[in-house]
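Q: I'd like to ask you about the structure that follows.
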Amino acid sequence: MAYHPSKQFQSDALTARSLVSPLETVPVEIILEIMETMGPSDLTNFGLVNKRFHQIFTEQRAHILLKILLNCPELELLLHLYTANQNDFHPDRMLHPLTVSFSFNPDNAPEDKIFLMRSPVAWKNGKIVCPEKIKLNVYDLIEVAQLIKVVDWWVEIYPRLHWRENPEDRRCLKWEEETRLRKAIARWWLYSHYFHGNYWRNTHMPKKFDTDVRLHHLRILTTQEIYELDDLFCTMYETVSKDLCSSPGKVRRRVGKMMLWK
Numbered sequence: 002m003a004y005h006p007s008k009q010f011q012s013d014a015l016t017a018r019s020l021v022s023p024l025e026t027v028p029v030e031i032i033l034e035i036m037e038t039m040g041p042s043d044l045t046n047f048g049l050v051n052k053r054f055h056q057i058f059t060e061q062r063a064h065i066l067l068k069i070l071l072n073c074p075e076l077e078l079l080l081h082l083y084t085a086n087q088n089d090f091h092p093d094r095m096l097h098p099l100t101v102s103f104s105f106n107p108d109n110a111p112e113d114k115i116f117l118m119r120s121p122v123a124w125k126n127g128k129i130v131c132p133e134k135i136k137l138n139v140y141d142l143i144e145v146a147q148l149i150k151v152v153d154w155w156v157e158i159y160p161r162l163h164w165r166e167n168p169e170d171r172r173c174l175k176w177e178e179e180t181r182l183r184k185a186i187a188r189w190w191l192y193s194h195y196f197h198g199n200y201w202r203n204t205h206m207p208k209k210f211d212t213d214v215r216l217h218h219l220r221i222l223t224t225q226e227i228y229e230l231d232d233l234f235c236t237m238y239e240t241v242s243k244d245l246c247s248s249p250g251k252v253r254r255r256v257g258k259m260m261l262w263k
């Protein structure tokens, strides 16, 4: 039987093509659009699907993370949390207005700058308060994304906690409910970071008209936000008391920083 090199070449080409996964043929632009619609937790899993996805994420990490962060309703609160320090306990510094930006190039050209948070000039006690300018790098974007992963986790398990007494009523949160929950979690986390963390704080309950900085966190909230925080606290307190221990008021947990996408 005669040997035909052209037929053998076509056969080898078809065999090689059949071994290529369909995922390898998806255009980079589509993969980037998919990544930009994900949350940090889903993005981590998606990047582990194969080497190509991981390489695309590594090369476009800053662009992808910026898209994800800017779509998070709790971003400003988490930026306050990420930049928190001991100086914030001064009455004139509590929740000081911030302007947080990121730049792709070292020269920090105005047209290349992206703002994650931009506060206007404030007026306090008869004085002008200019926003503090903070510049983030890629490492900072990764750390803020880690905070969002924690919020994602609470949003995921919250329906199971909230309807634990009547599980037949359990359902997923609506979009507007999830947005309010994400902000409530971030607000509660910011408060806890200041007043249940490693900072020195007055252990006595603040008085009604006191200038205690703990009250400042509550005075800037609307009545609806305060009720939502109270509902969130009651739900978590009940969960801890029933599932973890009998005295949740004495529980304190310290979680170390986790590194992502190194």
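The opening position of the sequence shown corresponds to residue 2 in the working numbering, with each subsequent residue numbered one higher.
Note that CB positions come from ideal geometry on N, CA and C, so glycine has one too.
(1) Can Pro132 and Leu99 be called in contact, C-beta distance under 7 Å?
(2) Taking buried to mean at least 16 other C-beta atoms within 10 Å of its own C-beta, is Ala14 buried or exposed?
(3) Are Leu76 and Leu70 closer than 7 Å when you measure CB to CB?
(4) Use the C-beta contact count for Ala17: other C-beta atoms within 10 angstroms, 16 or more gives buried, fewer gives exposed.
(5) Return helix, strand or coil for Ala85, following the three-state DSSP convention.
(6) Starting from Val101, trace the beta strand (DSSP E) in both directions and tell me its first and last residue.
(7) Quick check on the DSSP output: the beta strand (DSSP E) that includes Phe210 runs from which residue to which?
(8) By how many angstroms is the C-alpha of Ile227 removed from the C-alpha of Asn72?
(9) Which residues does DSSP pair with Met118 in a beta bridge?
(10) Please list the terminal residues of the continuous beta strand (DSSP E) segment that includes Glu133.
(11) Count the C-beta pairs between the stretch 155–171 and the stretch 44–63 that are closer than 8 Å, then say yes if the count reaches three, no if not.
(12) How about the stretch 121–132 and the stretch 147–154: do they share at least three Cβ pairs that are nearer than 8 Å?
(13) Among all the DSSP beta bridges, which residues are the ones paired with Thr164?
(14) Going by other Cβ atoms of all chains shown within 10 Å of its Cβ, with 16 needed for buried, is Tyr159 buried or exposed?
(15) Straight-line CA distance for Glu179 to Asp244?
(16) Kindly indicate which three-state DSSP category Ile129 falls into: helix, strand or coil?
(17) If we ignore side chains and look at the alpha-carbon of each, how far apart do Lys68 and Glu37 end up?
(18) Taking its Cβ as the centre, do 16 or more other Cβ atoms sit within 10 Å of Leu230, making it buried, or is it exposed?
(19) Looking only at DSSP bridge pairs, what is Ala123 linked to?
(20) Grab the span of the alpha helix (DSSP H) containing Tyr238 for me, first residue to last.
(21) Here's the rule I'm using: 16 or more other beta-carbon atoms within 10 Å means buried, otherwise exposed. How should Tyr195 be labelled?
(22) Give a yes or no on whether the C-beta atoms belonging to Pro74 and Lys175 are separated by under 7 Å.
(23) Quick one: give me the first and last residue of the alpha helix (DSSP H) that Leu96 is part of.
(24) One question on the structure: do Val156 and Leu182 come within less than 7 Å of each other, judged by their Cβ atoms?
A: Quick answer:
(1) yes
(2) Caution applies to Ala14, whose pLDDT of 48 falls short of 50 and renders its modelled position unreliable; the model cannot decide the point.
(3) yes
(4) Low local confidence applies: a pLDDT of 45 at Ala17 is under 50, so the model's placement there is unreliable, with the coordinate-based value given in what follows. By the neighbour-count rule (16 or more Cβ atoms within 10 Å), Ala17 is not buried but exposed.
(5) coil
(6) 99–104
(7) Neither: Phe210 is in no beta strand (DSSP E) and is coded neither H nor E.
(8) 24 Å
(9) Val101
(10) 133–137
(11) no
(12) no
(13) The sequence given here places Trp at residue 164; Thr does not occur at that position. None; Trp164 has no bridge partner.
(14) buried
(15) 24 Å
(16) strand
(17) 6 Å
(18) buried
(19) Val130
(20) 224–240
(21) buried
(22) no
(23) Element bounds for Leu96: n/a, residue is neither H nor E.
(24) yes
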